[in-house]
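This report refers to the structure that appears directly beneath it.
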Amino acid sequence: MGYETIVIGAGQAGLAMGYYLKQNNKRFLILDKGQALGEVWKNRYDSLKLFTPRMYSSLPGLPLEGKQQDFPSKNEIANYMKRYSETFALPVELNTEVLSVTKDEEDFCVETTKGIFYTTNVVVATGPFQKKRIPTFSGSLSENILQLHSSEYRNPSQLQQGNVLVVGGGNSGAQIAVELSEEKETYLAISKKPRYFPLTIGGMSVFWWLDKLGILKVTNTSFIGNLLQKKGDPIFGNDLKNAVKEWAITLKGRVVSGAYNQVIFEDLTSLEVKNIIWATGFQQEYKWLKVDGVIDQRKKLIHNRGISPIEGLYYLGLPWQSRRGSSLLQGVGYDAKYIIDHMKNTTK
Numbered sequence: 000m001g002y003e004t005i006v007i008g009a010g011q012a013g014l015a016m017g018y019y020l021k022q023n024n025k026r027f028l029i030l031d032k033g034q035a036l037g038e039v040w041k042n043r044y045d046s047l048k049l050f051t052p053r054m055y056s057s058l059p060g061l062p063l064e065g066k067q068q069d070f071p072s073k074n075e076i077a078n079y080m081k082r083y084s085e086t087f088a089l090p091v092e093l094n095t096e097v098l099s100v101t102k103d104e105e106d107f108c109v110e111t112t113k114g115i116f117y118t119t120n121v122v123v124a125t126g127p128f129q130k131k132r133i134p135t136f137s138g139s140l141s142e143n144i145l146q147l148h149s150s151e152y153r154n155p156s157q158l159q160q161g162n163v164l165v166v167g168g169g170n171s172g173a174q175i176a177v178e179l180s181e182e183k184e185t186y187l188a189i190s191k192k193p194r195y196f197p198l199t200i201g202g203m204s205v206f207w208w209l210d211k212l213g214i215l216k217v218t219n220t221s222f223i224g225n226l227l228q229k230k231g232d233p234i235f236g237n238d239l240k241n242a243v244k245e246w247a248i249t250l251k252g253r254v255v256s257g258a259y260n261q262v263i264f265e266d267l268t269s270l271e272v273k274n275i276i277w278a279t280g281f282q283q284e285y286k287w288l289k290v291d292g293v294i295d296q297r298k299k300l301i302h303n304r305g306i307s308p309i310e311g312l313y314y315l316g317l318p319w320q321s322r323r324g325s326s327l328l329q330g331v332g333y334d335a336k337y338i339i340d341h342m343k344n345t346t347k
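With numbering that gives the first Met the number 0 applied, the sequence shown corresponds to residues 0 to 347, in that order.
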């Protein structure tokens, strides 16, 4: 069956794209390998709350209900995704994994576990969280050490007796370490000194201030945008800062190797561990995208604001796709609008 557009991924990016395709009366289909909308959110750790308030946590056309300055839970966002799709009657095909995308002179061929689809445009909205990034030496550690990636962690009851090392200095690693420190001897391994940013200033969300100051609209190619990308995100809130100050969490340097029941840090000190949480993020993987000219020598997608040099191929939901706000729930709609405008202005 032929479509004008196939969207791959029914997360926040795919749904935002679907909204604009629907508004423009396009013939499209959204494919997702998950069993339910919002599944990725529901499967994250139990205590997760967004550090962006509700006013910055909604997709185009449907505000997130509740007190706008408060922070939504992961289940709230998962349920919102389902409600969003139902509100706009978006055509989502679940339990459908994309096996390959190829292109002939005119159309794309999308091969899936449920058959083959032909389409003029493909929007890859799978986001950056695809393949777990875990150091290879983790396989040299003792099988008696419980190892979990942060995407597999739910709550402290999963861990065995003894201490825990959380590896990774992002916000997920910080939040998980703080939670575990209430029950266990906890270490947090980070590669650089953490930068902290308050969640609120003067009773207003820090994102409200960033919005008013124009920081969320800073483009990826601007001087400030390049500076922010090099620095990376700060740790939002003071929970980790306070836990370190109270000796509930011990900070360690970057983990460089490990064997049997020990890990080695960059200062050559070692630590015997019983549990490890790898909060080391993800890496992009597009082996199924079998179209020449889409990946550069660094194995990065080639695009300009989500528009590939391959006619009809687009990307959505990438960090800093066009500006600082691109990675936020609310910001992805801006990029989706840009893509639909490009589609409308492109003559086949």
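Yeah, the Cβ is synthetic: ideal placement off N, Cα and C, and Gly gets one too. All of these numbers come straight from a predicted model, not from anything done at the bench.
Asked                                                                                                                                                                     : Found
Pick out whichever of Leu227, Glu64, Tyr195, Glu184 has its Cα sitting closest to the Cα of Ile248.                                                                       : Glu184
Taking the alpha-carbon of Val255 as reference, which of Leu267, Gly324, Lys244 has the nearest alpha-carbon?                                                             : Leu267
Is Gln146 helix, strand or coil when you go by DSSP?                                                                                                                      : strand
Who does Arg322 pair with in a DSSP beta bridge?                                                                                                                          : Thr218
Can you tell me the Cα-Cα spacing of Ser325 and Pro318, whole angstroms?                                                                                                  : 6 Å
Could you have a look at Leu328 and say whether DSSP puts it in helix, strand or coil?                                                                                    : coil
List the DSSP bridge partners of Asn274.                                                                                                                                  : Leu145, Val163
Would you call the region 116-133 and the region 46-55 touching, i.e. three or more CB-CB distances under 8 Å?                                                            : no
Quick one: residues in its chain with C-beta nearer than 6 Å to the C-beta of Lys21, no 5 flanking neighbours on either side, listed in chain order?                      : Phe87
Suppose you measure from the CA of Leu164 to the CA of Leu227; what does that come to, to the nearest Å?                                                                  : 28 Å
Looking at the unbroken beta strand (DSSP E) that takes in Ser99, where does it start and where does it end?                                                              : 97-102
Output yes or no for whether 8 Å exceeds the beta carbon distance between Gly60 and Asp31.                                                                                : no
Taking Cβ positions, are Trp277 and Ser149 nearer each other than 8 Å?                                                                                                    : yes
Let me confirm a value: Asn274 is counted as buried when at least 16 other C-beta atoms fall within 10 Å, else exposed. Which label applies?                              : buried
Just to confirm before moving on: does the CB-CB distance between Leu36 and Pro71 stay below 8 Å?                                                                         : no
What are the uninterrupted segments assigned as alpha helix (DSSP H) that are 4 or more residues long and contained completely in the region 41-93, given in chain order? : 73-86
Does Met342 pass the burial test, meaning 16 or more other C-beta atoms within 10 Å, or should it be called exposed?                                                      : buried
Using only the alpha-carbon positions, how far apart do Ile133 and Thr279 sit?                                                                                            : 6 Å
Could you check how far apart the C-beta atoms of Thr218 and Thr118 are, in whole angstroms? I think they sit under 8 Å.                                                  : Contact doesn't hold; Cβ gap of about 30 Å is too wide.
Considering Cα atoms alone, identify which of Gly257, Val331, Lys41 is closest to Glu271.                                                                                 : Gly257
What residues in its chain sit with their C-beta under 8 Å from that of Asn74, if we drop five residues either side in the sequence?                                      : Trp40, Lys41
Check whether the region 228-235 and the region 158-177 are in contact - that is, three or more C-beta pairs closer than 8 Å.                                             : yes
Identify the continuous alpha helix (DSSP H) that holds Lys21 and give its terminal residues.                                                                             : 11-22
Is the region 295-303 touching the region 136-148 in the sense that three or more CB pairs, one from each, lie closer than 8 Å?                                           : no
Return the bridge partner residues of Met203 from the DSSP annotation.                                                                                                    : Ile200
Would Met16 and Ala242 be called neighbours here (beta carbons separated by less than 8 Å)?                                                                               : no
Which whole-angstrom value is the C-beta distance of Gln34 and Lys130, which I expect to be below 8 Å?                                                                    : The pair is not a contact, with the Cβ atoms about 20 Å apart (cut-off 8 Å).
How long is the line joining the alpha carbons of Glu351 and Arg153, rounded to whole angstroms?                                                                          : Residue 351 is absent from the structure shown; the chain starts at 0 and stops at 347.
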